[in-house]
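Each remark here refers to the structure printed beneath this line.
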């Protein structure tokens, strides 16, 4: 291990200590490694670079969860082989041994660690009954952003919108056939998706206000600088979702940058 590798390893472990990620049993990761790129070239390969962030968690018995979304709206989704359309960590984790992946063809998740099997056999609704977020809420789970500002969003917002009945989204089922190995395990998985039938509205998520409220209420433990994409930001799953549900019920436009309300 060269000096730069040692420096990054110490930096990562120091950040984890500072925000005490060790309290969690499960950590849902959001990552953006652009500001850690100066370290990347000093590692032998991408695997060793990513291990610097992941191994400290696994070594302490923490199970990690990483989104591996593919947005497969038709045809076939193969749990073991369909590649994620997200970032470096999201594609890398699917190649690791003993990783478990959930079955939803649009919104799948990979988990690594002793509790990884909790992502298996999820409900067919991405944000409804027995979905990943519902399972996270009954466990000692937290979100951890590495280099990705909290204001850039959290998929749990769609769970909040689903549970609270956001009128700018609709339930839609997809005929995608889901395979685990050679076995077709289901079809008609659904998601709570943006409405496209309202002229002049796109209903894209805007999490700026939600993030501001989380910081204002001291729900986020953070080191580094979000503006420079060097942040390590930790916040608990269940209190966050409960808080965001309350915020949505007070202002149903809080997660969109548009003045839209329909009864």
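Residue numbers (my numbering): 18 to 280.
All C-beta atoms in this analysis are idealised placements derived from N, C-alpha and C, irrespective of residue type, glycine included.
Beta-carbon separation (whole angstroms), residue i vs residue j, contact threshold 8 Å
i, j, result
"residue 211", "residue 224", "The pair is not a contact, with the Cβ atoms about 15 Å apart (cut-off 8 Å)."
"residue 330", "residue 191", "Residue 330 is absent from the model: the chain starts at 18 and stops at 280."
"residue 47", "residue 160", "7 Å"
"residue 222", "residue 272", "6 Å"
"residue 164", "residue 53", "6 Å"
"residue 193", "residue 130", "Contact doesn't hold; Cβ gap of about 28 Å is too wide."
"residue 128", "residue 139", "Actually they do not touch by this definition, with Cβ atoms about 11 Å apart."
Buried versus exposed call for residue i [16 or more other C-beta atoms within 10 Å across all chains shown]
i, result
"residue 201", "exposed"
"residue 76", "exposed"
"residue 269", "buried"
"residue 142", "buried"
"residue 280", "With a pLDDT of only 47 at residue 280, under the threshold of 50, the placement of this residue in the model should not be trusted, and no figure is reported."
"residue 24", "exposed"
Three-state secondary structure assigned by DSSP to residue i
i, result
"residue 97", "coil"
"residue 120", "coil"
"residue 162", "strand"
"residue 201", "strand"
"residue 73", "helix"
"residue 29", "helix"
"residue 328", "Since the first and last residues shown for the chain are 18 and 280, residue 328 lies out of range."
"residue 265", "helix"
"residue 280", "Here the model assigns residue 280 a pLDDT of 47, short of 50, so the residue's position is not dependable, and the following value carries that caveat. Three-state result, residue 280: coil."
"residue 81", "strand"
Short Cβ contact (9 Å threshold) for residue i with residue j
i, j, result
"residue 198", "residue 97", "yes"
"residue 231", "residue 252", "yes"
"residue 132", "residue 258", "no"
"residue 126", "residue 166", "no"
"residue 185", "residue 275", "yes"
CB contact check: residue i to chain D, cutoff 9 Å
i, result
"residue 182", "In the structure shown, chain D cannot be found, because there is only a single protein chain."
Does the stretch 88-98 come within contact of the stretch 68-75, defined as at least 3 CB pairs closer than 8 Å?
no
Quick one: any contact between the stretch 234-252 and the stretch 143-158, if contact means 3 or more CB pairs under 8 Å?
no
At least 3 beta-carbon pairs within less than 8 Å: the stretch 99-108 vs the stretch 35-51
yes
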